[in-house]
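This report concerns only the one structure given below.
Residue numbers (the working numbering): 70 to 281.
Written out as structure tokens, the structure reads:
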């Protein structure tokens, strides 16, 4: 927690933000929705590394997870299971549309494969984020490799242009098939919005593409 309003000033360590079921709890992000904070992360169902799932829990404050976790997504489609065991849902990121629609973009399949891609969960209007049934899961990847020069397109975050008028995805990818965790580069490209409040990310650009 910062001691002053200066982001580059002094900080006080508040402790570990961890659920009671801290089973490989990684990649945490925070959703603020209707005045309530929620922690969202990737973890195991049990104590063995069989698969990684997306969980949500309420937060008492910005540094304390106060409630039981609820599973929102697990690897179930073939495009989420590439690379073998463990199967992967990880790297959740909250992405809110201009109309207020809440989306969670997450990474699926093994990050060591060409097939690392993005899936999407979308919160139904006026629904409780703590209910799995409140989230609509896309049955196809919403962003993936382009099969010609850009592979392993995952672990994304989202930002805006300095004037706030344009939205962008930032992600890592490899130039060559089979590069695995080696040779990753950081990529960015513009995204748009569908009428239903879901992000229209489009196709991965060619690895050496330059867009003005």
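Ideal Cβ positions, reconstructed from N, Cα and C, are used throughout, including at glycine.
It should be emphasised that the depicted structure is a prediction, and the values quoted were computed from it without experimental measurement.
Asked: In whole angstroms, what separates the C-alpha of residue 153 from that of residue 122?; Found: 15 Å
Asked: Curious, which full-length alpha helix (DSSP H) runs of at least 4 residues does the stretch 85-162 contain?; Found: none
Asked: Are the beta-carbon atoms belonging to residue 242 and residue 273 less than 8 Å from one another?; Found: yes
Asked: Using three-state DSSP, classify residue 202 as helix, strand or coil.; Found: helix
Asked: DSSP beta-bridge partners for residue 212?; Found: 187
Asked: Per the contact definition of three or more C-beta pairs closer than 8 Å, is the stretch 131-142 in contact with the stretch 220-237?; Found: no
Asked: Among 135, 104 and 108, which residue has its Cα nearest to the Cα of residue 97?; Found: 108
Asked: How would you call residue 259, buried or exposed, if buried means at least 16 neighbouring beta carbons within 10 angstroms?; Found: exposed
Asked: Going by alpha carbons, who is nearest to residue 181 out of 262, 82, 275 and 252?; Found: 252
Asked: Reducing DSSP to helix, strand and coil, say where residue 77 ends up.; Found: coil
Asked: Please look up how many angstroms separate the CB atoms of residue 257 and residue 270, rounded, as I've assumed it's under 8 Å.; Found: Going by Cβ atoms, the distance from residue 257 to residue 270 rounds to 12 Å, so no, they are not a contact pair.
Asked: Residue 220 by DSSP, collapsed to three states: which one?; Found: strand
Asked: Quick one: what does DSSP say residue 193 is sitting in, helix, strand or coil?; Found: coil
Asked: First and last residue of the beta strand (DSSP E) that includes residue 260?; Found: 253-262
Asked: Between which residues of its own chain and residue 210 is the CB-CB distance below 8 Å, once the five residues before and five after are set aside?; Found: 148, 177, 186, 187 and 188
Asked: Would you kindly report the start and end of the unbroken beta strand (DSSP E) that includes residue 240?; Found: 236-243
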